[in-house]
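Just below is one structure, and these are the notes that go with it.
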Amino acid sequence: MQLRSAGNGSAGTQNVKLVASDSWTEGGISYSNRPALGTSIGTLGPTTTNTSYSVPLTVSGLTGELGQHLSFGIASSSSDGLDLNSKEAGSTVARKLVVIFSGPGALPRRGGRK
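No gaps in the numbering here: position 89 of the sequence shown is 77 in the numbering used here, and each next residue is one more.
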C-alpha cells in the first residue's frame, strides 16, 4: 500500500487492518458508525511530514481476500495520529494499493488457470 503523509507526521505506529464489512459508503461513514477492524496486516511509522511510504501487507492477511472488494482501516497505537492525503488531494499524492506478486507460483489462481 502506498501512502503519503499530509500535515504533521507521527512518532507513533500506524497499523493497517482489513475492515470487517464493506457495507459502508463514503458519504455515510463517520467515526461513530465506523466498521470494526480486523487484525493488523501491515505497519507504518514513525513518519514525517509530506513524505511517501510503501507499506508491505502480509500475504497471510490477504489470503482468501484477493479478487474481492477490500476495505482497509488504519489504527494508531499511540495518541499521535497521522494525517494522510485522500483522493481529493489528487492522484499524485492520494493513497494507492499496489499489488506485486513475486516468486514461483505467486500469481493467484482463478478458475483453475494461472
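Glycine residues also receive a C-beta, built at the ideal position from the N, C-alpha and C atoms.
What residue does the beta strand (DSSP E) around valine 145 start on, and which one ends it? Because the chain here runs from -11 to 102, residue 145 falls outside it and cannot be looked at.
What are the uninterrupted segments assigned as alpha helix (DSSP H) that are 4 or more residues long and contained completely in the segment 7 to 50, given in chain order? 47 to 50
Hey, quick one: how far does the beta strand (DSSP E) through glutamine 56 stretch, first residue to last? No beta strand (DSSP E) contains glutamine 56, which DSSP labels as neither H nor E.
Valine 81 to threonine 39 span [Cα, whole Å]: 9 Å
Taking DSSP's pairing of strands, which residues face isoleucine 62 in a bridge? Val4
In angstroms, rounded to a whole number, what distance separates the CA positions of threonine 31 and serine 11? 25 Å
Which whole-angstrom value is the C-beta distance of leucine 54 and glycine 26, which I expect to be below 8 Å? The pair is not a contact, with the Cβ atoms about 15 Å apart (cut-off 8 Å).
By the 10 Å Cβ neighbour count, where 16 or more other Cβ atoms means buried, how is threonine 36 classified, buried or exposed? exposed
List the DSSP bridge partners of leucine -9. Tyr41
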